[in-house]
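Residue numbers (this note's numbering): 10 to 80. Just so it is clear, CB atoms sit at the ideal spot from N, CA and C, and this is done for glycine as well. Since the structure comes first, as structure tokens, the remarks are kept for the end.
Structure, rendered in structure tokens:
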């Protein structure tokens, strides 16, 4: 994880394709989320309604990388 990223929790509200999702963050903002490298490498499945942790760049707060699926 880079030092200049913002880490937030959210809920998957829509599945666009196998690696792209709409995520509603805990502060009410909806972003586009893609699977991070290790999630894609290990074929971690994400479904609508799953709670996830998202890593955001401070330069573009409309897109994020899903780095963890909470149990």
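Exercise for review: With residue 50 as the anchor, note down where its alpha helix (DSSP H) starts and where it stops.
Suggested key: In the chain shown, the residue the question calls residue 50 occupies position 41. Its alpha helix (DSSP H) spans residues 46–50.
**Study point:** Same chain, Cβ closer than 6 Å to residue 70, five either side skipped, listed in chain order
**Key:** Residue numbering aside, residue 70 sits at position 61 when the chain shown is read from its first letter. Cβ within range, chain order: n/a, list empty.
Exercise for review: Starting from the Cα of residue 31, find the closest Cα among 58, 68, 77 and 51 and give me that residue.
Suggested key: If you number the chain shown from 1, residue 31 lands on position 22. For residue 31, the closest C-alpha among the options 58, 68, 77 and 51 is that of 58.
Exercise for review: Would you list the residues sitting across from residue 65 in a DSSP beta bridge?
Suggested key: The sequence position of residue 65 within the chain shown is 56, counting from 1. In the DSSP output, where bridge partners are listed per residue, residue 65 has 15 and 73.
Check your understanding: Out of curiosity, what's the CA-to-CA distance linking residue 49 and residue 14?
Key -> Along the chain shown, read from residue 1 onward, the residue named residue 49 stands at position 40. Along the chain shown, read from residue 1 onward, the residue named residue 14 stands at position 5. When rounded, the separation of the alpha-carbon atoms in residue 49 and residue 14 is 20 Å.
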